[in-house]
Every structure is written in C-alpha cells, then in structure tokens.
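Chemist: If you read the sequences in order, they're chains A and B.
With my numbering applied, the first sequence covers 1 to 81.
With my numbering applied, the second sequence covers 1001 to 1557.
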Amino acid sequence: MAEASNLQEELARQEKEILRLRSLLIAKDAEMAEVKGRLAELEHYGQRLLVLRARIVARVPFAMGLARAIYRLLPRRLRGA
Amino acid sequence: MSVPRFSVLTPVYNTPADVFWAMVSSVTSQTFPDWELCLVDDRSPDPEVAGLLAEAERLDPRIRVAHRAENGGIVAASNDALAMARGEFLALLDHDDELHPDALAHVHEALLADPEGDYVYTDEDKIDRAGHHSGPFFKPDWSPERMRTQMYTCHLSVFRRSLVEEVGGFDPEFEGSQDWDLVLRVTERARSVLHVPRVLYHWRMLETSTAGGGEVAKPWAYEAGKRAVQAHCDRTGVQARVERDPVDSGVYHLEPELREQPPVSIVMPTAGGRREVWYEDVVLVSHCVRSIVERSAYEDYEIVCVYDSSTPGEVLEELDGIAGERLRLVEYDRPFNFSEKINVGAAAARGEHLLLLNDDMEVIAPDWLERMVMYSSVPEIGAVGGRLLLQDGRLQHVGVRMENGLPGHPFHGFRGDYAGYANGVLVARNCLAVTGACLMSRRSLFEEVGGFAEELPVNYNDVDYCLKVRRAGRRTVYDPDLALYHFESSSRSSEVEEWEKELLRQKWLPLTAVDPYSNPNLRGEVPQLSSAFQWAKRRRLSGQRKYARVPSSGRHR
Chain A
1 MAEASNLQEE
11 LARQEKEILR
21 LRSLLIAKDA
31 EMAEVKGRLA
41 ELEHYGQRLL
51 VLRARIVARV
61 PFAMGLARAI
71 YRLLPRRLRG
81 A
Chain B
1001 MSVPRFSVLT
1011 PVYNTPADVF
1021 WAMVSSVTSQ
1031 TFPDWELCLV
1041 DDRSPDPEVA
1051 GLLAEAERLD
1061 PRIRVAHRAE
1071 NGGIVAASND
1081 ALAMARGEFL
1091 ALLDHDDELH
1101 PDALAHVHEA
1111 LLADPEGDYV
1121 YTDEDKIDRA
1131 GHHSGPFFKP
1141 DWSPERMRTQ
1151 MYTCHLSVFR
1161 RSLVEEVGGF
1171 DPEFEGSQDW
1181 DLVLRVTERA
1191 RSVLHVPRVL
1201 YHWRMLETST
1211 AGGGEVAKPW
1221 AYEAGKRAVQ
1231 AHCDRTGVQA
1241 RVERDPVDSG
1251 VYHLEPELRE
1261 QPPVSIVMPT
1271 AGGRREVWYE
1281 DVVLVSHCVR
1291 SIVERSAYED
1301 YEIVCVYDSS
1311 TPGEVLEELD
1321 GIAGERLRLV
1331 EYDRPFNFSE
1341 KINVGAAAAR
1351 GEHLLLLNDD
1361 MEVIAPDWLE
1371 RMVMYSSVPE
1381 IGAVGGRLLL
1391 QDGRLQHVGV
1401 RMENGLPGHP
1411 FHGFRGDYAG
1421 YANGVLVARN
1431 CLAVTGACLM
1441 SRRSLFEEVG
1451 GFAEELPVNY
1461 NDVDYCLKVR
1471 RAGRRTVYDP
1481 DLALYHFESS
1491 SRSSEVEEWE
1501 KELLRQKWLP
1511 LTAVDPYSNP
1521 NLRGEVPQLS
1531 SAFQWAKRRR
1541 LSGQRKYARV
1551 PSSGRHR
C-alpha cells in the first residue's frame, strides 16, 4: 500500500513537472515568435531590395560592380568598419 | 455669375504668413481653373491675418473673404465658409496645408467618369514648414468598415454641396472631428464614393496641428471622433459601442452590443485528426469544440460537425460529451470535397447565421460570436472574418489580398502585434475575401449565392465564395479584434494546384486583377520602392512635383 501511495505521489510530482516544463516551452516559443516575426518582416523588406537590385542591374549592367568599387574606395570609417 | 465647379473652404485662424501664402498659392496654381477659394477668418487675434486676407482677396477675383464677428471655432468658421460657397462641389483645405497643382483637375476627371460621385477623396502626404514631404498615405478604395475604426479618407475630401446642405453641414457637437462626422453622414446617403489614388494633398506638420502633434495637439478631437462614429453606428443600426484604442489614438474599436442573439450554426468539417498543439497530442476537433463551449459567452448556437465516415467512434463520443445538446453530427461518406462538406453542413444547420470554422482552431475571446454577429447582421455585409494567429502568436491571416487574380495572405508569419501599413492590421476594414477557416455569413445569403463551389474541392472555395458575395452587392469584413488561433495546415495540404489557380482566374478576372482595398502604390501592402523614389525625386525638383502615375479608381458604392 505504501509503495503504491509513493508511486502515486511520484507520478503527481512528475505530472506537475511536465506541466511546468511545458509552460516554459510555450513561453520560449512566444519569445522566439517575436524574433521570427521580426525576421519575416526583414525578409519581406529584403526581398523588395533584391527586386530593386535586379531592376537596376537590368538597366545598368555594371551598376553593382561600380557600386562595389566606390564602396571599396570609401574611407574605412564611412564604410562603418 | 456662373457657378464654379469647386469651392475650396478654408477657415483661417492665426495663420503664419509663410504657410498662409503657401496654402493660397497652392490653390491659385491649380491647373483646373474653375474654382473659388472661400476664406473665413475666425476672429484671429493676430492683427497680421486681416492684412493677409485683404491682400489675398486683391490677388485673384476667385478668392473670397469673410470675417467672423466673434471666434466660434473650426465648425462655426467652416459653416460660414459653406454658406459662402457657390460651387457644385466643396473641397476642404486647412489653412496651413497645400494642394497638389493637379488636385482639382484629377477630382474633376473622376467626377466626369462617374457623375453620381457624391464624395471624392484622394491620397495624401505630410509636409514640414520647409516644404519637405514625408509619410505618404496610399489609401484603399471606399471601405465603410474601415471608416468606422479609422478616419482614413481625411484629406483631400471633396463633397457634393447639395448633399452637405441636405445633411445640415458641419455639426458643432463633433468639434475637432467634424470632418469625420461629415464624411460619415454624407456617405450614408451618397450614391457613389470615389477614390483618386494619387497624393493630391499635403498635410502640414506643425506643433499645433494633428499631423504634427497628434493627440497632444488636439486631445478633444479624438473623443469627438469616438462620438461621431457612435452616432453613425446608432443611425445605421450597427449594434456596437465605440471605444478608443488605448495605445494608438487614431484607432478605434467596435465592441458588440447586440439587442438580441440570433441563432448561429457553427459548421465544422472534420476527419477527427490529431496533432501536437502546445506540446500536447490532441484531437483537433475536440480541442476546438472544447474551446468554443468553455469560452463562448454567446448562448444561442449549435455546432454542426460534418465528419468523415472514417472518423473514430471515440472522437464522436468525446464530442458528444463536450458539447452535449449543442452538437449535431452529420456523416459525410463521399471522397474528400471541402466545399461539399460545408454545403452538407449548411443544409443541416438551423441557425440564421452560418459560421464556417475549421477544426484546427481555438477560440480566444468570449465575445467572438457576438463580434461576428454584429457585422453579419448588417444587411450590406456578406462575409466576416478575423485575425488568425499561429500557435506561437504570429500572424496567420489578416484578410486576403488579391494580386493578378490570385489571393495572398499579407504579413503571414509577422509578429502578432504588427500594425501593418497605416495600421491596416489593427483596424477593421473591407477586403475582397477572408479565409474559410473562420467565416460567418447569413444563411439566406449563403443559399442565395449557391454556397461553396464544389468544383473547387480543396483550395480557393472560400475566396470564390467571398467574390460571389461581392457580386451579390455585399461587403466582406476583416475584424482584428476577432482573434483565434489557427493551427495552420493541420486540416489539409496547403499546396495549390495549377488548375485551381487557372479556374479562379477564369472565374473572376478582371474583377480580381486589381484589389480595390489595396492601392496601386503598394506592393505586398507596403509602399513600393518606386514610389519612395518618386518622393526623393520630387524633393529635388521642387516646384515640379512628380507623383507615381497610377490608373484612376473605379466606381464604388
């Protein structure tokens, strides 16, 4: 009887621990969702920039090479290095 | 003297000389010449103002000036300007703002295209004291539901004078939001409302203006806005109480206040599937039904579960245990066809309103059914949907946006509190379609338009339904305050077949080629980069303003 009672207690304790860990996981998911959501926004804007880049390259084939060359010529502090 | 096409109404009060002349010259330089400018000085204490007005009157015979004997506020001065006006249409221009040189020309063009236009509005931007432009607001076409939760038409607003006189002009009860109130009262009677998707008005940001100072500058204006929308709801039979957003002063919410609770049938197709939800293995339909039963405050509803023959018996028993007398089980024994399952459920339903609900949903707020019925009870509204969230709280659905004839879910996966362009996610608004995962419609309308199209067994049947609703002259509404969890893609595959796309295009183009609730200057519901470049270009070419060339709007009732 005592053994069964101990087992019951242990099960209840385990159950409580599982619920606690589950709540923690859900809270972490919500935190991660903030970051994922922000990432989705940035990707959305990034895609728009890629479309713009493609348009510029289509019109001025050497535009990106030129931009890179100008960037290299900039002083380090202006490049944000 | 002949009647001018436009009377520009401008109440004047202590206007600084530089912005006054900028305002006046923006009118005198209009490319459309048939206008008069009605300036009413609201007894400005600044003695310089009288001189400015006298000089303006001498400048052009089309400029007319009146002086109030005592200060009466914006409504009194606007009503005096209205009494002076002789034009067929009234354009409202604040004393420190500017019109684009082609503003009246474009409005005139829109009115020629639709002679029944009683109210016209355009896109706008902001301008600082130095004349730099920023913050363009690219608006949707006429969206009555948005107008109740955000004063989005704002500037430039042009009204048919006879209609303004018919509704009694500006109402002093709504001082500060008198323009919002006027738009609501005029559009309640307007035969047609037109939108010109071009930035034709420049709203000056000064510390004393709403554009610059927001609620700090004119706190009473926001309270007046609330009262104006409440009065509109009371007049039009929308059973709601208007509340202000606690964070964003320009956003309002409709809280349902139903006089009665018509019976609602929740039609829920299911196959009794399981999946992990918040780290727990659940039977989706049981999880969903439990959330409905435990959280809904609404009393008169039934749940019609249309179950596949393969659904395990213990799931049906569990459902019975959860929902009891509210539950009605309808067996479906044919090959999978979502539309047919919905139609079978609708045929068995007894409610006045049908709520089509996927089984992989979870109810959040107790007033969710009241909220849907509030909109669904409005005769002009045909379909109602809400803001659906993924299980981690990110956005799953905020209304469908059509592009080139195909639907898209803007802002999918963005943060749950993402406001969208111009608060578009936070305000109730019209859209061409909402997802069938959670869609309410009156049963009579559902039957009138022939229910869901069974030739679309998996995808797009919801979009097709909303478009049929639109063809029947009813609007579809997205309500952000109606939030539910949607454990996406649990119910069925999200893959769309090519033939489904083709069929949708065949059925609904050209109606769906351009989404009227978006704007030609938006892409993915944010301003196109090309329009941003137009802005930069315009700043360089001061005096020769260039704007994105976009097609003129259609007609909207």
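Even for Gly, the Cβ is constructed at its ideal location relative to N, Cα and C.
The model shown is predicted, which means the values in this text are computed figures rather than measured ones.
Looking at the secondary structure, which residues open and close the beta strand (DSSP E) in which A/R68 lies?
Modeler: Segment A63 to L73 is the alpha helix (DSSP H) holding A/R68; no beta strand (DSSP E) there.
Chemist: Can you grab the Cα-Cα spacing for the pair B/E1525 / B/V1400, in whole Å?
Modeler: Roughly 11 Å separates the two Cα atoms.
Chemist: How about B/M1374 and B/L1355: do their beta carbons lie closer than 9 Å?
Modeler: Cβ distance not < 9 Å, so B/M1374 and B/L1355 don't count as in contact.
Chemist: Cα separation between B/Q1396 and A/G37?
Modeler: If I take the Cα positions, the gap works out to 11 Å.
Chemist: Give, in chain order, every residue of the segment 1467-1489 of chain B whose Cβ lies closer than 9 Å to some Cβ of chain A.
Modeler: Against chain A - using a Cβ distance shorter than 9 Å - the segment 1467-1489 of chain B contributes no residues.
Chemist: Is it right to say B/P1219 is buried, meaning 16 or more other beta carbons lie within 10 angstroms of its own, or is it exposed?
Modeler: Result: exposed.
Chemist: Consider the Cβ of B/A1536: report whether some Cβ of chain A lies at a distance smaller than 9 Å.
Modeler: Note that B/A1536 has pLDDT 47, beneath the 50 cutoff, so the model's placement of it is unreliable and the number below is only indicative. Not an interface residue.
Chemist: For chain A, check one thing: does any of its Cβ atoms lie closer than 9 Å to the Cβ of B/R1394?
Modeler: Closer than 9 Å: yes.
Chemist: Return helix, strand or coil for B/A1271, following the three-state DSSP convention.
Modeler: Looking at B/A1271 - three-state DSSP - the assignment turns out to be coil, as it is neither helix nor strand.
Chemist: Answer yes or no: does any C-beta atom of chain A fall closer than 9 Å to that of B/L1522?
Modeler: Taking Cβ atoms only, chain A never reaches closer than 9 Å to B/L1522, which makes this a no.
Chemist: So with Cβ pairs under 9 Å, would you call A/A33 a contact of chain B?
Modeler: It does: the Cβ of A/A33 has a partner Cβ on chain B nearer than 9 Å.
Chemist: Can you tell me the Cβ-Cβ gap for B/V1344 and B/I1322, rounded? I've got them flagged as a contact below 8 Å.
Modeler: Contact doesn't hold; Cβ gap of about 22 Å is too wide.
Chemist: Is B/H1253 helix, strand or coil when you go by DSSP?
Modeler: Strand.
Chemist: Return no unless some Cβ of chain B is closer than 9 Å to the Cβ of A/A30.
Modeler: So yes, A/A30 belongs to the interface.
Chemist: Hey, is A/E41's beta-carbon within less than 9 Å of any beta-carbon in chain B?
Modeler: Yes, A/E41 lies at the interface with chain B (some Cβ there is under 9 Å from its Cβ).
Chemist: What in chain A is Cβ-close to B/L1414, meaning under 7 Å?
Modeler: In the sequence as displayed, the identity of residue 1414 of chain B is Phe instead of Leu. The answer, in chain order, is G37, A40 and E41.
Chemist: Only counting the same chain, and skipping five residues up and downstream in sequence, which positions put a Cβ closer than 6 Å to that of B/Q1178?
Modeler: These residues qualify, in order along the chain: V1075 and F1170.
Chemist: Comparing the C-beta of B/E1280 with each C-beta of chain C, is any distance below 9 Å?
Modeler: Chain labels in this structure do not include chain C; the protein chains are A and B.
Chemist: Could you tell me how far apart the beta carbons of B/L1039 and B/L1092 are, in whole angstroms, since I believe they sit closer than 8 Å?
Modeler: That belief does not hold up - the Cβ atoms of B/L1039 and B/L1092 are roughly 13 Å apart, past 8 Å.
Chemist: According to DSSP, is B/A1536 part of a helix, a strand, or is it coil?
Modeler: In this prediction, B/A1536 scores a pLDDT of 47, lower than 50, which makes its location untrustworthy; the coordinate-derived value is nonetheless stated afterwards. In the structure shown, B/A1536 sits in a helix (DSSP, three-state: H, G or I).
Chemist: Return the CA-CA distance between B/A1536 and B/Q1528, expressed in angstroms with no decimal places.
Modeler: Residue confidence for B/A1536 is low, a pLDDT of 47 falling below 50, so the modelled location carries little weight; the figure read from the coordinates is stated next. Answer to the nearest angstrom: the Cα atoms are 13 Å apart.
Chemist: Between B/T1270 and chain A, is the shortest Cβ-Cβ distance under 9 Å, so that the two count as touching?
Modeler: B/T1270 does not count as touching chain A.
Chemist: When you compare the segment 1241-1250 of chain B with the segment 1347-1361 of chain B, are there three or more beta-carbon pairs, one atom per stretch, that lie closer than 8 Å?
Modeler: Contact between the segment 1241-1250 of chain B and the segment 1347-1361 of chain B is absent, because fewer than three Cβ pairs lie under 8 Å.
Chemist: Quick check on the burial criterion: 16 or more other C-beta atoms within 10 angstroms. Buried or exposed for B/E1036?
Modeler: It is buried - the Cβ of B/E1036 has at least 16 other Cβ atoms within 10 Å.
Chemist: Drop a sphere of 10 angstroms on the beta-carbon of A/F62, count the other beta-carbons inside from all chains shown, and report buried for 16 or more, exposed for fewer.
Modeler: By the neighbour-count rule (16 or more Cβ atoms within 10 Å), A/F62 is not buried but exposed.
Chemist: By how many angstroms is the C-alpha of B/S1134 removed from the C-alpha of B/L1200?
Modeler: Approximately 13 Å, taken between the alpha carbons.
Chemist: Show which residues of chain B have a CB atom less than 9 Å away from the CB atom of A/L25.
Modeler: Those within 9 Å of A/L25 in chain B are W1278 and Y1279.
Chemist: Against chain A, with Cβ distances strictly below 9 Å, would B/P1004 count as a contact?
Modeler: Taking Cβ atoms only, chain A never reaches closer than 9 Å to B/P1004, which makes this a no.
Chemist: Consult DSSP for B/P1338 and reduce its assignment to one of helix, strand or coil.
Modeler: It should be pointed out that residue 1338 of chain B corresponds to Phe in this sequence rather than to Pro. The answer is helix: DSSP assigns B/F1338 an H, G or I state.
Chemist: What in chain B is Cβ-close to A/R22, meaning under 8 Å?
Modeler: Residues of chain B passing the Cβ test: W1278, Y1279 and E1280.
Chemist: Taking the alpha carbon of B/R1235 as the reference point, which residue from B/A1105, B/A1433, B/D1018 and B/R1148 has its own alpha carbon closest?
Modeler: Ranking the options by Cα distance to B/R1235, first place goes to B/R1148.
Chemist: Is there a Cβ from chain A that is less than 9 Å from the Cβ of B/V1526?
Modeler: Chain A contact via Cβ: present.
Chemist: Please tell me whether B/L1390 has its Cβ less than 9 Å away from any Cβ of chain A.
Modeler: Yes - at least one Cβ of chain A is within 9 Å of the one on B/L1390.
Chemist: Which two residues bound the contiguous alpha helix (DSSP H) that contains B/T1153?
Modeler: Counting along the chain, B/T1153 falls outside any alpha helix (DSSP H), and DSSP gives it neither H nor E.
Chemist: Please work out which residues of its chain come closer than 6 Å, Cβ to Cβ, to B/D1060, disregarding the five sequence neighbours upstream and downstream, and give them in chain order.
Modeler: Excluding residues within five positions, the ones whose Cβ falls inside 6 Å are T1028.
Chemist: For the beta strand (DSSP E) that B/H1132 lies in, which residues bound it at each end?
Modeler: That residue, B/H1132, is in no beta strand (DSSP E); it is neither H nor E in DSSP.
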